[in-house]
Structures are given as structure tokens and as C-alpha cells.
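Under mature numbering (1 follows the signal peptide of the UniProt record, and there is no 0), the residues of the sequence shown are numbered -19 to -1, 1 to 147, in order. We treat Cβ as the ideally placed atom computed from N, Cα and C, and that holds for glycine. Written out below as C-alpha cells is the structure these notes cover.
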Amino acid sequence: MKKLKGITLTLVCISIFIAAVSCESTDCPINNVVYSTYGFYAATDEGESKIQVLDTLTVTAAGTDSILINRLVRGSEVELPVSYSAATDTLIFHFTDTVGRTRRDTIWIDKENTPHYESPTCPASMFHHVTAVRWTRLLVDSVSIVNPNINYNVSENFKIYFRSGN
């Protein structure tokens, strides 16, 4: 009888331990930075066509020394991190052609930032809702917002249309 009580007590303790450990083992995201996706397009007679950028593309974040994309060749889209709490992200797209000439366009993304909590034991992530986009017009003709919600769901957020003949 004493042995049975000991086994029962041991099983109860193990059950409580397992329950406590399982409650604390929340799968927190490894990286709480979210990314926005920019697709590259050209206007056609039929509407639009996804294209590859033929020039070498480097993307930097204005006001920092951060290189977000370094020397991408023949890319048809890029995924770029979104700043954690700034109201506006300023991205500079550097296009370098085969003779070494670099031309730059800047894109400003205005957004609202919303904290996102997975669990009290996980650090907060920041999700974003794009409210406006502006751009310079050297090589970029226009930028449209496809999906204004930037979160863990990867989808195309922006379409960048390029001027023809540049």
C-alpha cells in the first residue's frame, strides 16, 4: 500500500512537471522582423508583365549604413525588412548598368505599426499597415500597394513599374 502511494505521488509530480513545462514551451519566432515583398513589372499592351531587372540592383536604407540587397542581378522581386517602429521607411534602389553608371530611385513607405504578441514569454513583433507610398521617377514609373498588411504571411506587398526604354 505504501509502495502504491509512492508510485501515485511520483506520477502526480511527473504530470505536474510535464504540464508546467509544456505551458512554458511556447514556440516564439526566431526572428521577429517582418519582410515586405516588392515585385518588378513593366506595362504592356495586355496590362502588365513581371520582369527581371537587368541592371545590378543594390538596396539601402536611408539614414543608415545598412545594405539590404547587395548586387542582385536578374531579380524579379526582392524581400526587404521593415523597420520596427519608424513611421516611414526610406529605401534607395541603386541600379548599376554594364558600363558602371549608377542611377538611383528612392521609395518612401508610410506605415502604421502595431505590436503583435505571440505569448507573454515571447518578445513582441511589430506588424505594419501601409498607408501611403511615394517615389522618385528616374527609372521607376510608379509603385502600387498590392497588400498593405505586412506580417508573417509572405505575399507581394508592392508592385514597382519601370519606365520603358531606360
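According to DSSP, simplified to helix, strand and coil, what is Asn132?
coil
On a CA-only basis, which of His97, Glu93, Gly81 and Phe74 is nearest Thr87? Give me that one, please.
Phe74
Hey, Tyr22 and Ile141 are a contact pair by Cβ (cut 8 Å); roughly how many whole angstroms apart?
7 Å
Cβ neighbour criterion (16 or more within 10 Å) applied to Asn130:
exposed
Nonlocal neighbours in the same chain, by C-beta distance under 8 Å from Ile126, ignoring five residues either side
Val111, Val114, Asn138 and Phe139
Under 8 Å: do the stretch 44 to 53 and the stretch 80 to 100 share three or more Cβ pairs, one atom per stretch?
no
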